[in-house]
Amino acid sequence: MANGKELLETQARANAKHNPSKLRYRLNKHFDESLQATEIYQALKTVARLLGGDEETDTNGRTHVTGGAFEYHVLPTADGTKTRRVLERVDG
Numbered sequence: 019m020a021n022g023k024e025l026l027e028t029q030a031r032a033n034a035k036h037n038p039s040k041l042r043y044r045l046n047k048h049f050d051e052s053l054q055a056t057e058i059y060q061a062l063k064t065v066a067r068l069l070g071g072d073e074e075t076d077t078n079g080r081t082h083v084t085g086g087a088f089e090y091h092v093l094p095t096a097d098g099t100k101t102r103r104v105l106e107r108v109d110g
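If you count by this note's numbering, then the sequence shown holds residues 19 to 110, one letter each, in order.
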């Protein structure tokens with residue numbers, strides 16, 4: 019939870035270079051199989067679309083799904099060298 023909002027992120031704020039993603043670890047444990055990062059990103063985006071979101075691409079080529087119960091965003095990291103995917107629950 020950040021700023022009073024529930025978030026699922028693919029990259030933790032203080033994630034060390036070789037630490038695994040907490041989200042990937044929890045999903046792999048739940049489904050008892052090894053999921054690839056692209057499968058996880060696609061699942062986050064699909065959840066947002068299934069719950070009423072509309073997909074758009076911004077001027078930087080990053081995908082956003084907004085307008086539903088959950089929003090999916092591809093955001094740059096603080097240093098701008100990588101991106102992170104965020105699934106956010108929208109307060110209704």
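From the three backbone atoms N, C-alpha and C, an ideal C-beta is built for every residue, glycine too.
Cα separation between residue i and residue j?
{"i": "Leu69", "j": "His91", "result": "15 Å"}
{"i": "Leu112", "j": "Gly79", "result": "Only positions 19 to 110 of the chain appear in this structure, which leaves residue 112 out of reach."}
{"i": "Asp76", "j": "His48", "result": "33 Å"}
{"i": "Glu51", "j": "Asp109", "result": "32 Å"}
{"i": "Thr81", "j": "Ala87", "result": "17 Å"}
{"i": "Glu74", "j": "Val83", "result": "6 Å"}
{"i": "Glu57", "j": "Asp97", "result": "25 Å"}
{"i": "Thr101", "j": "Leu93", "result": "5 Å"}
{"i": "Ser39", "j": "Leu105", "result": "15 Å"}
{"i": "Thr95", "j": "Arg107", "result": "20 Å"}
Round the Cβ separation of residue i and residue j to the nearest angstrom and send it over; I've been treating them as touching at under 8 Å.
{"i": "Arg42", "j": "Ala55", "result": "7 Å"}
Below 6 Å CB to CB, which residues in the same chain sit around residue i once its five sequence neighbours on both sides are set aside?
{"i": "Thr59", "result": "Before going on, a small fix: residue 59 reads as Tyr here, not Thr. Same-chain partners within the cutoff: Arg103."}
{"i": "Asp72", "result": "Gly85"}
{"i": "Arg67", "result": "Val83"}
Please work out which residues of its chain come closer than 7 Å, Cβ to Cβ, to residue i, disregarding the five sequence neighbours upstream and downstream, and give them in chain order.
{"i": "Leu53", "result": "Arg42, Leu45 and Asn46"}
{"i": "Glu89", "result": "Ala66, Gly71, Val83, Glu106 and Val108"}
Can you find the residues in the same chain that come closer than 8 Å, C-beta to C-beta, to residue i, ignoring five residues on each side of it along the sequence?
{"i": "Thr99", "result": "none"}
{"i": "Thr64", "result": "none"}
Checklist entry - Could you give the uninterrupted runs of the alpha helix (DSSP H) lying entirely in the segment 40-107, keeping only those of 4 residues or more? => result 40-49 and 55-68
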